[in-house]
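In full-length UniProt numbering, the protein residues as written are 1 to 130.
Glycine is no exception: its CB is placed at the ideal position from the N, C-alpha and C atoms.
Fair warning: this is a prediction, and the values are worked out from it, not measured in the lab.
Below: one structure, written as structure tokens.
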């Protein structure tokens, strides 16, 4: 199954806080389900900036220590992708906005992420995805 690595707390926000836009510098033509892999690294500064942004969206995120990292934490459906020069909601200006729907939590799967889209073996995923 296809997967994408997202840094925390953004990965958490996609699965648990209805973050419906993933901002990327590149477009995606794929439409369908994709695993959300929480990156292993997150600096305190990255976390603080994300926390402030989330608060502006009315979302309180968990403490960094409690966020899962280095694991697949959920599945979301990519339904669209558009470039935007304008910030709106979760979308940042000058980015491709991947439109996300139907976030679902899964039993966490420890896994090493990669840049770009990558494949997670189906046998690992089938046990946790109903």
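Express the C-alpha separation of residue j and residue i in angstroms, rounding to a whole number.
i	j	result
residue 112	residue 24	20 Å
residue 64	residue 42	8 Å
residue 96	residue 126	30 Å
residue 47	residue 8	7 Å
residue 10	residue 19	8 Å
residue 87	residue 94	8 Å
residue 75	residue 82	21 Å
residue 168	residue 44	Absent from the structure is residue 168, since the part of the chain shown begins at 1 and ends at 130.
residue 78	residue 100	5 Å
residue 62	residue 15	13 Å
residue 53	residue 121	34 Å
residue 115	residue 56	28 Å
residue 68	residue 29	28 Å
residue 123	residue 103	21 Å
residue 92	residue 31	21 Å
residue 108	residue 73	5 Å
residue 66	residue 89	25 Å
Quick check on DSSP: helix, strand or coil for residue i?
i	result
residue 115	coil
residue 106	strand
Assuming residue i and residue j form a contact by the criterion Cβ under 8 Å, report the distance between their Cβ atoms to the nearest whole angstrom.
i	j	result
residue 119	residue 1	7 Å
residue 50	residue 5	Wrong, their Cβ atoms sit about 15 Å apart, outside the cutoff.
residue 35	residue 3	4 Å
residue 110	residue 71	5 Å
By DSSP's criteria, residue i is part of a beta bridge. Which residues make up the other side?
i	result
residue 100	78
#### Entry: In chain order, each beta strand (DSSP E) run of at least 3 residues that lies wholly inside the UniProt domain "ASCH" (4–92)
21–24, 32–38, 71–84
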